[in-house]
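Peer 1:
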Amino acid sequence: MNTLPRSSLAPRRLSQPSAFGRVAVLYGGASAEREVSLVSGAGVLGALERLGVDADGIDCGDDVLDRIVRGAFDRIFIALHGRGGEDGTIQGALDMLRIPYTGSGVLGSSLAMDKHRAKLVWRACGIPTPEFVMLDGERRLAGAGEALGWPLVVKPVHEGSTIGISKVHDDESLHRGWFEALRYDDQVIAEPFVSGPEYTAAILGDTELPLIRLGTPNELYDYEAKYAEGAGTQYHCPCGLDEHAEAEFKRLARSAFDVLGASGWGRVDFICDGAGTPQFLDVNTAPGMTGHSLVPMAAQAVGIGYDDLVWRILETSLQ
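Numbering of the sequence shown is given in the numbering used here, commencing with residue 662 and proceeding in unit increments.
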């Protein structure tokens, strides 16, 4: 990945690690993204320790709030992915405890995690996103392909990391994809498969980091393409767009992020259709921080190393 000119990010807001007080890193949990979250949390905790921040990790179970209170933590770095950590649940609890935390609040977290309602908001605000059908029963499967056009992408409404996602080409595979998604969620959505270059836009505070264009030999940029060693996934940064086009796509990605009430930091994923229009897919409000993760890649492209990125994300808890 080529190195781009350093971003115009503002200087760090804090200069001394002691100014953060005592920090808990929340990771793990019980969601389908637990294994990825464990890796993200370990990476974040290691960075904070290298930076001299007084930090401790919590693998979140039923006693997570008791452990937070007993630990007398001053702020929280949320490295929980998926349900319980990225859907407004832990955010609401921390608001009640009056403990500041990284990333989006309750509204932004819950809306971004709900692919159905996020798309409704985007459509109301004129932000392009693929058409869709909610598969809320077998009767809704009949005619979905004809209505939207084959192939379709079927996915759980409330999961991330492309867990439970399928690309389907006919009614038979649609039924299989629906049942696969139902393993993870009782709400399932189908949308037309958009064939075109896929991009991700990392958001850090008031800045949109350089776009990354993704390439995978798989049919979809799925869980295996994201995390498996030797998956053959390619990450292009610079992304290949001209300066004007990239600036416009970043502006739209910021709008897609903001209208959901997201804040602090996150990642916006989209695919360009045949007309060159970005079709927005989802917003991640607690993205991965692993060695394969995209936000650290985008930050590195402008000279922001992993530890510096962790520091800047922790600063979002000051808002």
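We put the beta carbon where it would ideally sit given N, CA and C, even for glycine.
1. Check whether the stretch 898 to 908 and the stretch 854 to 871 touch, using three or more Cβ-Cβ pairs below 8 Å as the test.
2. With a threshold of 7 Å on Cβ separation, who are the neighbours of residue 946 within its own chain once the five nearest residues in sequence on each side are excluded?
3. Tell me the residue span of the beta strand (DSSP E) that contains residue 760.
4. Does DSSP classify residue 961 as helix, strand or coil?
5. Could you give the first and the last residue of the continuous alpha helix (DSSP H) run that contains residue 840?
6. Go ahead and label residue 908 buried or exposed: buried means 16 or more other beta carbons lie within 10 angstroms of its beta carbon, across all protein chains shown.
7. For residue 790, collect the residues of the same chain with a Cβ closer than 7 Å to its Cβ; drop the 5 residues on either side in sequence, then sort them by chain order.
8. In this structure, does DSSP put residue 977 in helix, strand or coil?
9. Quick check: what's the CA-CA separation for residue 893 versus residue 877?
10. Who are the near neighbours of residue 739 in its chain, counting only those whose CB is closer than 7 Å to its CB and skipping five residues on each side?
11. Is it buried or exposed for residue 793, if we count other Cβ within 10 angstroms and need 16 for buried?
12. Which one of 681, 838, 874 has the shortest CA to CA distance from residue 895?
13. Looking at residue 732: is its Cβ nearer than 9 Å to the Cβ of residue 703?
14. Could you pull out every unbroken beta strand (DSSP E) segment of at least 3 residues lying fully inside the stretch 852 to 930, listed in chain order?
15. Mind checking residue 675: buried by the 16 CB within 10 Å criterion, or exposed?
16. Does the stretch 839 to 849 come close enough to the stretch 814 to 824 to have 3 or more Cβ pairs within less than 8 Å?
17. When you compare only the Cα positions, how much space is there between residue 709 and residue 957?
18. Three-state secondary structure (DSSP) at residue 676?
19. Starting from the N-terminal side, write out each stretch of the alpha helix (DSSP H) that is 4 residues or longer and does not extend beyond the stretch 716 to 775.
Peer 2: Looking at the coordinates:
1. yes
2. Locating residue 946 in the sequence shown gives position 285, where the first residue counts as 1. Exclusion of the five residues before and after residue 946 leaves 747, 764, 765, 769, 770, 773, 923, 927 as the residues of its chain whose Cβ lies within less than 7 Å of its Cβ.
3. Counting from one through the sequence shown, the residue named residue 760 turns up at place 99. That residue, residue 760, is in no beta strand (DSSP E); it is neither H nor E in DSSP.
4. For the purposes of this step, residue 961 is taken as residue 300 along the sequence shown, with counting starting at 1. Helix, per DSSP.
5. Walking along the sequence shown from the start, residue 840 turns up at place 179. Taken as a continuous stretch (DSSP letters only), the alpha helix (DSSP H) holding residue 840 covers 832 to 843.
6. Taking the first residue of the sequence shown as position 1, residue 908 is located at position 247. Its Cβ having fewer than 16 others within 10 Å, residue 908 is exposed.
7. The residue you call residue 790 lines up with position 129 of the sequence shown. Cβ within range, chain order: 780, 783, 784, 940, 941.
8. To locate residue 977, count along the sequence shown from 1; it is residue 316. DSSP places residue 977 within a helical segment (H, G or I) once states are collapsed to three.
9. Locating residue 893 in the sequence shown gives position 232, counting from the first residue. Locating residue 877 in the sequence shown gives position 216, counting from the first residue. Looking at the two C-alpha atoms, the distance is approximately 6 Å.
10. Counting from 1 along the sequence shown, the entry for residue 739 is found at position 78. 687, 746, 751, 762, 763, 764, 947.
11. Along the sequence shown, read from residue 1 onward, the residue named residue 793 stands at position 132. Residue 793 is buried by the Cβ-count criterion.
12. As a working mapping, residue 895 is identified with position 234 in the sequence shown. The shortest Cα separation from residue 895 among 681, 838, 874 belongs to 874.
13. Taking the first residue of the sequence shown as position 1, residue 732 is located at position 71. Taking the first residue of the sequence shown as position 1, residue 703 is located at position 42. No, the Cβ-Cβ distance between residue 732 and residue 703 is not below 9 Å.
14. 859 to 865, 873 to 876, 895 to 897
15. One-based indexing of the sequence shown puts residue 675 at position 14. Residue environment: residue 675 is assigned as exposed (fewer than 16 neighbouring CB atoms within 10 Å of its CB, all protein chains considered).
16. Judged by Cβ distances under 8 Å, the stretch 839 to 849 makes contact with the stretch 814 to 824, as three or more pairs qualify.
17. In the sequence shown, the residue the question calls residue 709 occupies position 48. In the sequence shown, the residue the question calls residue 957 occupies position 296. Computed Cα separation, rounded: 15 Å.
18. For the purposes of this step, residue 676 is taken as the residue at position 15 of the sequence shown. Coil, per DSSP.
19. You should have 725 to 731, 750 to 758, 767 to 774.
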